[in-house]
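Numbering (numbering that gives the first Met the number 0), first residue to last: 0 to 199. Don't be surprised by glycine CBs; every beta carbon is placed ideally from N, CA and C.
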Amino acid sequence: MNIIVYDIEIAKAIQGRNEKKIKGIEYCGGWRDFENMGIACLCAYQYDQKRYRVFMEDNMTEFLEMANYSDMVVGFNSHNFDNQLILAEFGFDLTDKTFDILREIWKAEGLDADIFNMSTHGGYGLDDMCRANFNTQKTGHGRLAPIDFQQGKYGSVIDYCLQDVALTKSLMDKILKKGFLTSPKTPGKSIPIEFKWTTE
């Protein structure tokens, strides 16, 4: 099975609550403004090649080709975010081949996978899951990536995006090997993740 793991960093910043806009920085309309946020970079891992890849404006079509021929595309909150950005930017729908780890966690915990409620769905973020499972964590925050990107700090943005892909891959590796993830909200509790995939 040809599996890829991917993550996106956006190009335009998002103004946080009670934050002032930074002079010289372009902003989009918020976390659902997929038509205007743009892509700073996209990073991916190919299981069959055992290879990390970086995609930006000059080679983004290579990712679309790779995703088109993959059997499964893995992400973390990709159904509601990364996939929607790919759809808005390129008209390319990844829904039918997506395995979104966050949605699978919510479903395993008996939560609605489509309606987010902070009191019930919060606490299962990538940072939370990786701390609980591997005692590792993210190297930054995605909301800062577009600011770094617009300031020309491309290496920092790529490094951060690659780290998120590596963390997501670690969770996927554990799912493939053990069939569960450790809960970040209930110490010692295992969250069974049902992994079924066909290429029919």
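For F194, the number of other beta carbons within 10 angstroms of its own is below 16, and it is reported as exposed.
Residue environment analysis places E61 among the exposed positions, since fewer than 16 neighbouring C-beta atoms fall within 10 angstroms of its C-beta. When beta bridges are read from the DSSP output, M71 appears opposite I2. Here the stretch 12-19 makes no contact with the stretch 162-177; the two share fewer than three CB pairs at distances below 8 Å.
In this chain, R50 is not harboured by any alpha helix (DSSP H); it is covered by the beta strand (DSSP E) spanning R50 to F54. Annotation: the continuous alpha helix (DSSP H) that includes A87 extends over N82 to F89.
A Cβ-Cβ distance of about 7 Å is found for the pair G74 and T97, placing them in contact under the 8 Å criterion. L175 counts as exposed, since fewer than 16 other beta carbons sit within 10 angstroms of its beta carbon. Look at the stretch 100-177 and you find no whole run of beta strand (DSSP E) that is 3 residues long or longer. Secondary structure at T185: coil, using DSSP grouped into helix, strand and coil. The Cβ atoms of I7 and L41 sit closer than 7 Å to each other. Shown here, L180 sits in a strand according to DSSP, grouped into three states.
Just measuring C-alpha positions, the residue of Y68, M55 and R102 sitting nearest I157 is M55. Going by beta carbons, P191 and A107 fall inside the 7 Å limit.
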